[in-house]
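Asker:
Residue numbers (this note's numbering): 5 to 281.
#1: Please list, in chain order, all residues of the same chain as residue 266 whose beta carbon is under 6 Å from its beta carbon, the five residues on each side excluded.
#2: Could you tell me whether the Cβ atoms of residue 171 and residue 236 are closer together than 8 Å?
#3: Which residue's Cα is closest to the Cα of residue 193: 183, 222 and 40?
#4: Since I believe residue 74 is in contact with residue 61 (beta carbons under 8 Å), could you give me their beta-carbon distance rounded to a whole number of angstroms?
#5: Whole-angstrom Cβ separation of residue 11 and residue 225, contact assumed at under 8 Å?
#6: Thinking residue 101 and residue 68 are a contact (beta carbons under 8 Å), I'd like their distance in whole angstroms, please.
#7: To the nearest angstrom, how far is it from the Cα of residue 239 to the Cα of residue 198?
#8: What are the uninterrupted segments assigned as beta strand (DSSP E) that are 3 or more residues long and contained completely in the segment 48-130, given in chain order?
#9: Alpha carbon to alpha carbon, what distance is there between residue 20 and residue 257?
#10: Where does residue 264 fall in DSSP's three states?
#11: DSSP on residue 142, reduced to helix/strand/coil?
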């Protein structure tokens, strides 16, 4: 099995189903955890040097920090309802407690912070939505914490890709500090499939093919992208949701397209597929 693939497991003694740290991923910035809580269960995260973005993937919760209580937030019981999520940004050096008001699927996204921005609720009205691409490269994006919204390090988005389509494509990379062309950003993909027994395919590879991994990814698995291109493709019959977390030394999403496939971005390709359903 690829070292870039973290398989889902049932909740451990901390209610975690995924636990990715810079040490386990052999990189420097991104932390990612997924939790599954029953109604009434709670988790507590101690204050640390990290800023945190809590994403309610499914379910409702009450979130408490030393200065805030966000009570009974959440508006979708399943990510495939395709409603915008609720999220909470927690500044560095603040503890947080999350209590499940219903069954709760929670993503905890972390990277080193500076305490620059205060803790805040990120509601559906704060989240931009967009379609990217055309034809079999069409996907839908919820920009939870993009680079034009306040944070020290974290970038967080969620993406829907219909059956038989590609996503994170044409292939692109962000593994070199070379502004204004590209920034170094590590990335995790938390995958969900509908129906849940499905799978999708993801490849992570570099120009020199020193890294070239292709993975069958199942429901609630995580793919880690330390460098290179990282396209994803769905399989007939199964729609995809994934939650992306990125962080690096500079909080800008600047990337380079793989030259061979950049023609998919052309107006000619878009015009051919724009009116197709």
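The C-beta atom is built at its ideal place from N, Cα and C for all residues, glycine as well.
Quick caveat: nothing in here was measured; it's all calculated off a predicted structure.
Answerer: Let me spell this out:
#1: For the purposes of this step, residue 266 is taken as the residue at position 262 of the chain shown. Contacts found: 174.
#2: Here residue 171 refers to the residue found at position 167 when the chain shown is read from its first residue. Here residue 236 refers to the residue found at position 232 when the chain shown is read from its first residue. In contact: residue 171 and residue 236 (Cβ atoms closer than 8 Å).
#3: Taking the first residue of the chain shown as 1, we reach residue 193 at position 189. Ranking 183, 222 and 40 by Cα distance to residue 193 puts 222 first.
#4: Taking the chain shown and counting its residues from 1, one reaches residue 61 at position 57. Taking the chain shown and counting its residues from 1, one reaches residue 74 at position 70. Contact flag wrong, Cβ pair sits at about 16 Å.
#5: Taking the chain shown and counting its residues from 1, one reaches residue 11 at position 7. Taking the chain shown and counting its residues from 1, one reaches residue 225 at position 221. About 6 Å separates the beta carbons of residue 11 and residue 225, which is inside the 8 Å limit, making them a contact pair.
#6: Here residue 101 corresponds to residue number 97 of the chain shown, with the count starting at 1. Here residue 68 corresponds to residue number 64 of the chain shown, with the count starting at 1. Yes, residue 101 and residue 68 are in contact; Cβ-Cβ is about 5 Å, under 8 Å.
#7: Against the chain shown, residue 239 aligns to sequence position 235. Against the chain shown, residue 198 aligns to sequence position 194. Roughly 11 Å separates the two Cα atoms.
#8: Within the segment 48-130, the complete beta strand (DSSP E) runs of at least 3 residues are 54-62, 65-69, 72-77, 91-94, 100-104, 108-116 and 124-126.
#9: By one-based count along the chain shown, residue 257 stands at place 253. By one-based count along the chain shown, residue 20 stands at place 16. Taking the CA atoms as reference points, residue 257 sits about 29 Å from residue 20.
#10: Here residue 264 corresponds to residue number 260 of the chain shown, with the count starting at 1. The answer is helix: DSSP assigns residue 264 an H, G or I state.
#11: Counted from its first residue, the chain shown places residue 142 at position 138. The answer is coil: DSSP assigns residue 142 none of H, G, I, E or B.
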